[in-house]
Amino acid sequence: MAQTALRVKEQHVLSYPRAIGRVEVDREGVLAVAAPSATTLKALGFNFSRLSGDIQGAIVSPSSLGSASFNPDGLSLEASAPIQNAFNLFLSAPNRGIGAVLSALSSNGLSQLLAQPTLLVRSGEQASFLAGGEFPVPVPQVSGSGNTLSIQYKEFGVRLSVTPFVLSKEHIVLKIAPEVSELDYNNGVQLQGYVVPGLRRRSAETTVELGSGQSFVIAGLSYSSQTVTKEKTPLLGDIPVLGAFFKRQQNQKEKQELIIVATPRLVGPVKPEEVPPLPGAATAGIDPGIGDMILGTDGLDQSSAPFGVVRR
Numbered sequence: 036m037a038q039t040a041l042r043v044k045e046q047h048v049l050s051y052p053r054a055i056g057r058v059e060v061d062r063e064g065v066l067a068v069a070a071p072s073a074t075t076l077k078a079l080g081f082n083f084s085r086l087s088g089d090i091q092g093a094i095v096s097p098s099s100l101g102s103a104s105f106n107p108d109g110l111s112l113e114a115s116a117p118i119q120n121a122f123n124l125f126l127s128a129p130n131r132g133i134g135a136v137l138s139a140l141s142s143n144g145l146s147q148l149l150a151q152p153t154l155l156v157r158s159g160e161q162a163s164f165l166a167g168g169e170f171p172v173p174v175p176q177v178s179g180s181g182n183t184l185s186i187q188y189k190e191f192g193v194r195l196s197v198t199p200f201v202l203s204k205e206h207i208v209l210k211i212a213p214e215v216s217e218l219d220y221n222n223g224v225q226l227q228g229y230v231v232p233g234l235r236r237r238s239a240e241t242t243v244e245l246g247s248g249q250s251f252v253i254a255g256l257s258y259s260s261q262t263v264t265k266e267k268t269p270l271l272g273d274i275p276v277l278g279a280f281f282k283r284q285q286n287q288k289e290k291q292e293l294i295i296v297a298t299p300r301l302v303g304p305v306k307p308e309e310v311p312p313l314p315g316a317a318t319a320g321i322d323p324g325i326g327d328m329i330l331g332t333d334g335l336d337q338s339s340a341p342f343g344v345v346r347r
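Rendered as structure tokens:
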């Protein structure tokens, strides 16, 4: 019996003679998932410490050294910065009991996750894909020898589930459920020495009716956050203009967006004689000798050229 299948994305589907359907080749990419992310961070501030010598100082560039400590013996630079990856200026006057750190940081980040999966599914069945990974979660268990820990893996990333229903040769009802999740260590928990991150998740579910070859877009699964941190010396930090020398402020913004573009197509059954050869079938009978390999007449170049691989 011939089965109706749904084609997603440009690609050959290679199968055995008993295959029920094939994806035709054209120039359209019909499913794309994009998850752009932008992060900005700005920080500026003074940090003061009190101690009891001569004025000392140091300049630390981003990502070279980190935190500093002031003590009566002088200025000590350690391995982590007051503001990580920031430009830091250290000043110390031990004889007057004053130490100060000026930190400045401005950064921007942009990333994008793009997935173009290939899905072939029968009418009424569900297909799904995951572009992401798994993270371990320790699970306590009680046994005869005492309490033990086992590891279970939880999935995260961009997941898309699709269920098509074919109404006619030209109309498809598509039930689609996108979901995006990221690791969130700010809401994590600690379990017997292990830090288990939380999951920040956004999901949606919708049903649409489309014609074969028509496209639709799902957007709006966005995430936006802003964190502002202020530290100041009481009273001195409130003085106009001069108060800037007695306070520190950090402003961090993050925005993420999930966009899905899909174009379902109907494909029909394929005859056994139309099934393309499987990858590697052309090289199955190649058995070059020593002379063929020296002269380059082993036939490998001709067999691998259709796959875009050429020996140099």
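Just so we're aligned: 179 in the numbering used here is position 144 of the sequence shown, and the numbers increase by one with no gaps anywhere.
Beta carbons are placed, not taken as given, at the ideal position from N, Cα and C, and that holds for glycine.
Subject >> 8 angstroms Cβ shell around residue 234 - same chain, five flanking residues per side excluded >> reply: 189, 191, 216, 217, 218, 219
Original post:
Cα separation between residue 10 and residue 324?
Top reply: The requested residue 10 is not part of the displayed model; the chain covers only 36 to 347.
Original post:
How many angstroms separate the CA atom of residue 263 from the CA atom of residue 257?
Top reply: 20 angstroms
Subject >> Rounded separation between residue 184 and residue 174 - CA only >> reply: Rounded to the nearest whole angstrom, the C-alpha separation of residue 184 and residue 174 is 5 angstroms.
**OP:** Give a yes or no on whether the C-beta atoms belonging to residue 250 and residue 213 are separated by under 8 angstroms.
**Re:** Using a Cβ distance threshold of 8 angstroms, residue 250 and residue 213 do not count as a contacting pair.
**OP:** Write down the C-beta distance between residue 199 and residue 186 rounded to the nearest angstrom, noting that I regard them as a contact closer than 8 angstroms.
**Re:** The pair is not a contact, with the Cβ atoms about 36 angstroms apart (cut-off 8 angstroms).
Original post:
Starting from residue 198 and walking both ways along the beta strand (DSSP E), at which residues does that stretch end?
Top reply: 181 to 201
**OP:** Spell out the partners DSSP gives residue 221 in its beta bridges.
**Re:** Answer is none; residue 221 lacks a bridge partner.
Original post:
Under a Cβ-count criterion, where at least 16 other Cβ atoms within 10 Å of its own Cβ denotes burial, should residue 193 be classed as buried or exposed?
Top reply: buried
Original post:
Nearest-angstrom Cα distance between residue 294 and residue 271?
Top reply: 48 angstroms
Subject >> Identity of the residues DSSP links to residue 205 by a beta bridge >> reply: None, per the DSSP bridge assignment.
**OP:** Pull up the DSSP beta-bridge partners for residue 215, would you.
**Re:** Note: residue 215 sits in a beta bridge opposite 193, 237.
Original post:
Can the beta-carbon of residue 299 be found closer than 8 angstroms to that of residue 209?
Top reply: yes
**OP:** Output the distance between the C-alpha atoms of residue 162 and residue 265, rounded to the nearest integer angstrom.
**Re:** 48 angstroms
**OP:** Determine, using beta carbons only, whether residue 296 and residue 243 come nearer to each other than 8 angstroms.
**Re:** no
Original post:
Closest by CA to residue 285, which one among 158, 273, 312, 267?
Top reply: 267
Subject >> Contacting residues, own chain, Cβ-Cβ under 8 angstroms from residue 207 (five flanking each side not counted) >> reply: 41, 199, 200, 201, 244, 245, 246, 247, 299, 301
Original post:
Would you report the Cα separation of residue 311 and residue 236, rounded to the nearest angstrom?
Top reply: 42 angstroms
Subject >> Proximity to residue 196 [Cα-Cα], best of 155, 232, 223, 177 >> reply: Per the Cα distances, 155.
**OP:** Check whether the Cβ atoms of residue 241 and residue 211 sit closer than 8 angstroms, and answer yes or no.
**Re:** yes
Original post:
DSSP three-state call for residue 117: helix, strand or coil?
Top reply: Since pLDDT at residue 117 reaches only 45, below the 50 mark, its modelled position is unreliable, and the value read off the structure follows with that caveat. DSSP places residue 117 in coil when its eight states are reduced to three.
Original post:
In whole angstroms, what separates the C-alpha of residue 38 from that of residue 287?
Top reply: Note that residue 38 scores a pLDDT of 39, beneath 50, so its modelled location is shaky and nothing firm can be said.
**OP:** Under 8 angstroms Cβ to Cβ from residue 230, same chain only, skipping five residues before and after it: list those, please.
**Re:** 220, 223, 224
**OP:** Run the CB neighbour count on residue 276, radius 10 Å, all protein chains shown included, and call it buried at 16 or more, exposed below.
**Re:** exposed
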